[in-house]
DNA sequence: GTGAAAGCGCTAACAT
DNA sequence: ATGTTAGCGCTTTCAC
């Protein structure tokens, strides 16, 4: 490609008017060529296109968005992109957005509820077509009220709030929810452990006030209930969804805690730490201790032994979020979609003693 | 894509004028309160703020961007967010962008050189403050010419092209480069293997035409040269940077290839597949075969045995990219920053036979 | 088929 | 300290 000698006066990008002048037409005609949705004489169009090329013209997306209503942008609000779980949802969002001709804004919140609210506000300013918020919600009244407020504000502006992997805000709140069967997955996985004979199953990674955590614990408990069992409360340990927490928690449990023959890690990330700590302590997996995780992120196949876990359809969650936000008619009723989960049996669980 | 013909039934997003009317002032006064950078009587300001709250007003970012030149946005263009390597760079970009008061647009290209060009074009339309392109570049003349063109176009528009983990486009091209010592890392790692006595080291994952690949191979070769050795060309195998490729390649090499006592996987992802294939074949790591990777993504600690690899400062790459794009004066000279890499010794390499 | 003109919502001179 | 005026670049009536 040859370099142009003087596209635009030094610093300022060229505008429709520049193109119009060069092509000897009016700005409106240039705009029509740009839009493509209006009849323009072939010869004129050709001249305009030539002028655009020569001036290296690109439309100003802001000017365009100012007139019309939409930004053609989908916002994705997430805790942390480096988590494989969220990263895969992000991929689904990005792919679907791009398939629908939308751009994707990425905002991370690092688990700070205040930041999430600030970010959603910013997305309102940006006039995003949809704002997709991913990750466990805080079961906090003030927080939920703010989110509800945003749902209404976005709705009024013709945009849409989508909650992924979170419970609905309540009836009548204009938000779309794309969720997965958190409780059911935990129930199935726990049942798998219990029916293999385990009676002392540790649950690592309870986060009080976090909806995801509450649902998983609920499934864990229900599976026990159904067999007339009750989990030992000392085996349900609070902690964040991190590898290092899993590692630490197991060391403490081994050192001074009650006995256990199986570990239900609230996430696969936790499970990787659990596995390392058990290996260092000389406990064989699954012979001495069975280990299971949740999410089915790629690392579940890479650890040794490969990790039994609950599969969550991450990419599909992301895709569905965008699709439903942009085509609300596809889900006419409750605007609440729940995707299934299922246990993936691998080598880290097998038999009790 | 549906086009709105009417001024849009987009609810009643209130404007500065609405706020002004309600507060009994002029639009400019509202704007001054908004900006905060101009004296407004305390009483007036209070009335305006009250009106804003009552109308649930938020500025229109597009209208604001239209007047000024900038969007306050940084664009991040990457192959695939689900790769942990890129995800961590993304985190650095997002954090720094947010620290500098910028939003972050995320675009993925799935390795398609055409899409990358399209995406950069779109970012020009969006008037992003900086466009950060991450990942190996194609050593292809036409492609490089297009990128060079974009560099100039962005520069003219007051924006900036930043290349992360790619070679510079050439002298005089207005682009910032944030790179890491790819060749040096490969050299150090290969030297580690050779000095442990390995003489038949397989290199898995050469991608012809990809700059990253070329640099790593170059370090691999140089380390051999320095000891007066020459790698067996049959042990340098082409293939993509994926787990499944690593798995497949090892199976083929074991089945019918030449002998080898060590594997240099071009990426940690490849290495995870290598480890699995070796384990299934009954080869002990590192006793029978030593394995090393590149990148130092989190999974390197999770595989068993833990993987020796080359650490790449991913988050810092992302942060530096944003920082340098926004404050060019910090790197006055060549606009080319190279971050160091270093070998991380873990359990997957130890001794030769 | 094309041009002239009127904004979209905001900010920034210039007045007062 | 506040109001008035004039655009930013584009789309979109409404004429011709």
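Protein chains in written order, with the numbering used here: chain L, 1 to 353; chain C, 354 to 706.
We treat Cβ as the ideally placed atom computed from N, Cα and C, and that holds for glycine.
Keep in mind the model is a prediction, meaning the values are calculated, not measured.
Does the beta carbon of residue i come closer than 7 Å to any beta carbon on chain L?
i                      : result
residue 641 of chain C : no
residue 644 of chain C : no
residue 660 of chain C : no
residue 409 of chain C : yes
residue 330 of chain C : Examination of residue 330 of chain C is not possible in this model, given that chain C is present from 354 through 706 alone.
residue 461 of chain C : yes
residue 625 of chain C : yes
residue 695 of chain C : no
Answer yes or no: does any C-beta atom of chain C fall closer than 7 Å to that of residue i?
i                      : result
residue 126 of chain L : yes
residue 139 of chain L : no
residue 316 of chain L : no
residue 66 of chain L  : yes
residue 357 of chain L : The requested residue 357 of chain L does not occur in the structure, where chain L is confined to residues 1 to 353.
residue 105 of chain L : yes
residue 90 of chain L  : yes
residue 299 of chain L : yes
residue 245 of chain L : no
residue 304 of chain L : yes
residue 82 of chain L  : yes
residue 59 of chain L  : yes
By DSSP, does residue i sit in helix, in strand, or in coil?
i                      : result
residue 206 of chain L : strand
residue 473 of chain C : helix
residue 59 of chain L  : coil
residue 229 of chain L : coil
residue 289 of chain L : coil
residue 369 of chain C : helix
residue 327 of chain L : coil
residue 434 of chain C : coil
residue 576 of chain C : helix
residue 342 of chain L : strand
residue 441 of chain C : helix
residue 483 of chain C : strand
residue 212 of chain L : helix
Under the rule that 16 or more other beta-carbon atoms within 10 Å means buried, what is residue i, buried or exposed?
i                      : result
residue 432 of chain C : buried
residue 338 of chain L : exposed
residue 677 of chain C : buried
residue 341 of chain L : buried
residue 545 of chain C : buried
residue 327 of chain L : exposed
residue 739 of chain C : Shown here, chain C extends from 354 to 706; a query on residue 739 of chain C therefore has no answer.
residue 451 of chain C : buried
residue 471 of chain C : exposed
residue 480 of chain C : buried
residue 57 of chain L  : buried
residue 159 of chain L : buried
residue 447 of chain C : buried
Whose C-beta lies closer than 7 Å to the C-beta of residue i among residues of the same chain, with five residues either side of it excluded?
i                      : result
residue 425 of chain C : 454, 455, 456, 482
residue 173 of chain L : 148, 151
residue 34 of chain L  : 59
residue 597 of chain C : 626
residue 209 of chain L : 138, 139, 140
residue 65 of chain L  : 71, 127
Spatial neighbours of residue i within its chain, please: CB distance less than 8 Å, with the 5 preceding and 5 following residues excluded, ordered by chain position.
i                      : result
residue 217 of chain L : 186, 203, 206, 236
residue 441 of chain C : 650, 667, 668, 671
residue 468 of chain C : 462
residue 344 of chain L : 296, 300, 308, 309, 310, 311
residue 534 of chain C : 691, 692, 693, 694
residue 612 of chain C : 553
residue 593 of chain C : 558, 560
Could you tell me if the beta carbon of residue i falls within a distance shorter than 6 Å of some heavy atom in the ligand GTP?
i                      : result
residue 451 of chain C : You won't find the ligand GTP in this model; it holds no ligand whatsoever.
Kindly list the residues whose CB is nearer than 6 Å to the CB of residue i, restricted to its own chain and excluding five residues on each side of it in sequence; keep chain order.
i                      : result
residue 348 of chain L : 285, 286, 291, 305, 307, 308
residue 634 of chain C : 607
residue 106 of chain L : 76
residue 251 of chain L : 277
residue 20 of chain L  : 26, 27, 30
task = List in chain order: all unbroken beta strand (DSSP E) runs of 3+ residues lying wholly within the segment 137–204 of chain L.
result = List check, beta strand (DSSP E) in window: 161–164, 175–180.
inquiry  = Runs of 4 residues minimum, wholly inside the segment 376–429 of chain C: which ones carry the alpha helix (DSSP H) assignment?
reply    = Inside the segment 376–429 of chain C, DSSP marks whole alpha helix (DSSP H) runs of 4 or more residues at positions 380–388, 395–408, 414–420, from first to last along the chain.
message = List, from N- to C-terminal side, the alpha helix (DSSP H) runs of 4 residues or more that fit wholly inside the segment 597–678 of chain C.
response = Within the segment 597–678 of chain C, complete alpha helix (DSSP H) segments of at least 4 residues are found at 621–633, 652–655, given in chain order.
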